[in-house]
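First comes the structure, then the notes that go with it.
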Amino acid sequence: MAAAAIPAKASGVKATRNPEASRARILEAARIEFVTQGLNGARVDRIAEQSGVNKNLIYHYFGSKDGLYLEVLERIYSGLRKSQKDDDVRGLPPLEGMRQLVGNTFDHFVATPDLIRLMSIENIHYAQHLKGSTTIKPLYGGLLDTLRTLLRRGQADGVFRAEVDEVDLYLSISGLAYFFLSNQHTLSWLLDRDFVAAKRVAGRRRHVVEMVLSYLTHIPPEEAGGAKTEVIKSEDGQ
10 MAAAAIPAKA
20 SGVKATRNPE
30 ASRARILEAA
40 RIEFVTQGLN
50 GARVDRIAEQ
60 SGVNKNLIYH
70 YFGSKDGLYL
80 EVLERIYSGL
90 RKSQKDDDVR
100 GLPPLEGMRQ
110 LVGNTFDHFV
120 ATPDLIRLMS
130 IENIHYAQHL
140 KGSTTIKPLY
150 GGLLDTLRTL
160 LRRGQADGVF
170 RAEVDEVDLY
180 LSISGLAYFF
190 LSNQHTLSWL
200 LDRDFVAAKR
210 VAGRRRHVVE
220 MVLSYLTHIP
230 PEEAGGAKTE
240 VIKSEDGQ
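Numbers given in our numbering equal positions in the sequence shown, counted from 1, plus 9.
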């Protein structure tokens, strides 16, 4: 879907009179420009035109095109982390907390296709801009803490298997959502199924949640002594 243009200033007030509003317009225009044109194809002139500001103001706020791109990345990654709702899921029983975290992650990928595109662009550049951020990596420290908390509580209750690495677990949670959504169009054609259809996306969400929980609650025979057995039900109760 083509990205919508950002309307220019409706009033005659200069951008510098309201720096926060100006920054917000610039960042929104930049997000669209980077998503549609890539980092190398993006042009500051177009971002200035679409945001209704002078190009020099962009350099004043962000220093360079790379600096602007990094702030767009920071906002998009921060949005993902907020959607995962660490405080909420930590307060739930381990099984339900993990269900919520997996579902929240999938839902945010669905609702924010630009996240997938920008992640892909940054991987093309070997995370060189991401490495310059002082804010993104600490966010993921909080995510790993949440996963460890849920895992340890679930293991103590005999619900989750032992020896689960939280990093490997998150790779599965993120990867199961990312791969499906980043390949919807090609796989729809190759496999003769409409993976863009809302019903198919909802079915995939259930599949992803149940796959992760089934792995976590499968107690290998060598760990089974005295362990509880949890029956995993889908979100529709089946």
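Every residue, glycine too, gets a C-beta built ideally from N, C-alpha and C.
Keep in mind the model is a prediction, meaning the values are calculated, not measured.
CA-CA distance, Arg40 to Phe169, rounds to 40 Å. Assigned with DSSP and collapsed to three states, Phe204 falls in coil, not helix or strand. Straight-line spacing of the CA atoms in Asn192 and Arg161 works out to 34 Å. Going by DSSP, His117 is part of the alpha helix (DSSP H) stretching over 103–120. In the same chain as Asp123, and ignoring 5 residues on each side of it, the C-beta atoms closer than 7 Å to its own belong to Arg40, Val44, Ile85, in chain order.
In the three-state DSSP reduction, Val210 falls in the helix class (H, G or I).
Cβ atoms of Thr121 and Ile182 stay farther apart than 8 Å, at about 16 Å. Taken atom to atom, the span from the alpha-carbon of Val98 to that of Val205 is near 29 Å. Three or more beta-carbon pairs separated by less than 8 Å are not found between the stretch 89–104 and the stretch 55–62, which leaves the two stretches without contact. Sequence-distant Cβ neighbours of Arg108 in its own chain, meaning closer than 7 Å and more than five residues away, are Val218, Leu222.
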